[in-house]
Structure formats: structure tokens, C-alpha cells
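Student:
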């Protein structure tokens, strides 16, 4: 990776006894996305604004208004915290079923590679 050595997510010890590193930039960016999406704002004492709070959204209302607010919150946090790493191509938040579904398609700025991620939760 061109931007130096990064720690693997989740943190673990590699086979060489040192902290493991992600295999490539795409894996590193995916780990950063997961951390951002699943971290609740205020969870990190020295970075209280970090996090999109996706886990909290599972317990919110299940209607189009909540989906729109969730999409706006996620979009704002992706831009703020990872705007230098990724360009969001599509972000869909769906609450039409009994689950919350977030479908994200993004392009990695450094490589131009397009990736996707789908997260589901709930079961109300």
C-alpha cells in the first residue's frame, strides 16, 4: 500500500508475531468503512464525533422518513471521515421489509477500484 503500514481490522497478531496488516488498500478501506458505520458517535473518547451509529438505526422507526434521515446521516459521515479515501457512488437505505438494509457502492480514490458493501440488521 502506498500510504504506509496499517493495522488489520479487526486487530490481530500476524504469523510473524507482529501486528497483522491488511492485504491491500481495498481491504484496509473496507475495514475503515466497517469501523465508521458501526461505531456510535461518542463511543471514542478522543474522537467523539466519529461514527455513523448504524447499529442504533436498527431500533429506530421503520418508515420512509427514518430511511431518509438515516441515509443523510450515513452520507454526511462517509463524506466527513472517509471522503479522502472513497467516493460514494450509491447509498441506499431500505426499511421496506422487517429489516434495515444499507447498500453502499463506492470507488477507492487511490486506485479507482469500485467496491460494494451490504449490511442488514433488525428483525422487528
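Numbering (the working numbering), first residue to last: -16 to 107. Just so it is clear, CB atoms sit at the ideal spot from N, CA and C, and this is done for glycine as well. Note that this is a predicted model, so its numbers are computed, not measured.
#1: Between residue 107 and the rest of its own chain, which residues show a CB-CB distance below 7 Å, the 5 nearest in sequence each way excluded?
#2: Cβ atoms of residue 23 and residue 34: under 8 Å apart, would you say?
#3: Determine the DSSP secondary structure at residue 97, reduced to helix, strand or coil.
#4: Which same chain residues, not among the five before or five after residue 58, have their C-beta less than 8 Å away from its C-beta?
#5: Taking the Cβ atom as the reference point for each residue, do residue 38 and residue 52 lie within a distance shorter than 8 Å?
#6: Helix, strand or coil for residue 83, going by three-state DSSP, please let me know.
#7: When DSSP labels each residue in this structure, what does residue 92 get in the three-state scheme?
#8: Can you tell me where the alpha helix (DSSP H) with residue 17 in it begins and where it stops?
#9: Run the CB neighbour count on residue 36, radius 10 Å, all protein chains shown included, and call it buried at 16 or more, exposed below.
#10: For the beta strand (DSSP E) holding residue 78, just list the boundary residues, first then last.
#11: One question on the structure: do residue 85 and residue 61 come within less than 8 Å of each other, judged by their Cβ atoms?
Tutor: The short version:
#1: For the purposes of this step, residue 107 is identified with residue 124 of the chain shown, where counting begins at 1. With a pLDDT of only 47 at residue 107, under 50, the local geometry of the prediction cannot be trusted, and the value read off the model is given with reservation. Excluding positions up to five away in sequence, the list reads 45, 81.
#2: On the chain shown, position 51 is the one that residue 34 refers to. On the chain shown, position 40 is the one that residue 23 refers to. Taking 8 Å as the Cβ cut-off, residue 34 and residue 23 qualify as a contacting pair.
#3: The sequence position of residue 97 within the chain shown is 114, counting from 1. Residue 97 sits in a strand when the DSSP states are folded into three classes.
#4: Looking up residue 58 in the chain shown gives position 75. Excluding sequence neighbours, residue 58 sits near 71, 74.
#5: Taking the first residue of the chain shown as position 1, residue 38 is located at position 55. Taking the first residue of the chain shown as position 1, residue 52 is located at position 69. No; because the gap between Cβ atoms is not below 8 Å, this pair is not in contact.
#6: Position 100 of the chain shown, counted from the first residue, corresponds to residue 83. In the structure shown, residue 83 sits in a strand (DSSP, three-state: E or B).
#7: For the purposes of this step, residue 92 is taken as residue 109 along the chain shown, with counting starting at 1. It is coil, neither helix nor strand.
#8: Start at 1 with the first residue of the chain shown, and residue 17 comes out as number 34. Per DSSP, residue 17 belongs to the alpha helix (DSSP H) from 8 to 21.
#9: Walking along the chain shown from the start, residue 36 turns up at place 53. Counting Cβ neighbours within 10 Å, residue 36 comes out buried, since at least 16 surround it.
#10: Along the chain shown, one-based indexing puts residue 78 at 95. Careful: residue 78 lies outside any beta strand (DSSP E) and carries neither H nor E.
#11: The sequence position of residue 85 within the chain shown is 102, counting from 1. The sequence position of residue 61 within the chain shown is 78, counting from 1. For the 8 Å CB-CB criterion, residue 85 and residue 61 do not form a contact.
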